[in-house]
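Each step along the sequence shown adds one to the number in the working numbering, with nothing skipped, and position 9 is 30. The beta-carbon is built from N, C-alpha and C at its ideal position, and this holds for glycine as well.
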Amino acid sequence: MDIKFKDFFINEELLQEEGELNYNASLGGETFKVVVDVNKNPTKKGIKVKFFPTNADGMVLQNLTPEEVDTMTNSIATSVSKKFNEFNLEFDRDTDAPDKMAANFQIPLDSIFAFIKDKVLGEGEEQDAEETQPANDEENA
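As structure tokens, then:
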């Protein structure tokens, strides 16, 4: 399945009262409830992305074994991280997240910052170079 970032980050109809985004996705024939929110842990600033497996009725599966969660996490990481890499965004596993029935990932804040600086604004390097070079007229006088 082709995942589009706009589906996760732009659709305001997906915004829930608690401030997180919920999205239903299908990856490799499996269905998931995807929850996107801000990581509130000050040592892991960024965006957290959680994949909860669902059944045919859209209900989140419960009582997964750690091995099942690990297999699911590996599968998601393999397919989804490729898309993030296309935009030079990190998509890291969040191994100590409290939701043990989900595949937990995070997009670090510094990765988001680099994406905005380099891909969206596109002037970061040129601007930095201009600021560090002295004006020729003043230096040669």
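Enclosing beta strand (DSSP E) for residue i [first to last residue]
| i | result |
| --- | --- |
| Pro164 | What the structure shows of the chain is the stretch from 22 to 162, and residue 164 is not part of that stretch, so it cannot be assessed. |
| Ala46 | 42-48 |
| Lys54 | 51-59 |
Cβ-based neighbour list, residue i, same chain, cut-off 6 Å, excluding 5 preceding and 5 following
| i | result |
| --- | --- |
| Gln83 | none |
| Asp58 | Glu41, Lys69 |
| Lys103 | none |
| Gly143 | none |
Neighbourhood of residue i by C-beta distance below 7 Å, restricted to the same chain and skipping five residues each side
| i | result |
| --- | --- |
| Ala17 | Look at the range of the chain in this structure, 22 to 162, and you will see that residue 17 is not part of it. |
| Thr75 | Thr52, Phe53, Lys54, Val81, Leu82 |
Helix, strand or coil at residue i [DSSP, three-state]
| i | result |
| --- | --- |
| Lys121 | coil |
| Thr116 | coil |
Own chain residues within Cβ distance below 8 Å of residue i, not counting five before or after
| i | result |
| --- | --- |
| Phe105 | Glu111, Phe112, Ile128 |
| Asn45 | Thr52, Phe53, Lys54, Val55, Thr75, Gly79 |
| Met93 | Glu51, Phe72, Pro74, Leu85, Ala124 |
| Ile133 | Gly67, Ile68, Leu110 |
| Lys65 | Asp115, Gln127, Pro129 |
Among the options, nearest to residue i - alpha-carbon criterion
| i | options | result |
| --- | --- | --- |
| Val90 | Ala118, Val141, Lys61, Asp131 | Ala118 |
| Pro19 | Leu130, Arg114, Thr94 | Given that the chain is displayed from residue 22 to residue 162, the structure contains no residue 19 and the question cannot be resolved. |
| Phe136 | Asn60, Asn43, Gly67, Lys61 | Gly67 |
Residue range of the alpha helix (DSSP H) that includes residue i
| i | result |
| --- | --- |
| Val101 | 87-107 |
| Ile137 | That residue, Ile137, is in no alpha helix (DSSP H); it is neither H nor E in DSSP. |
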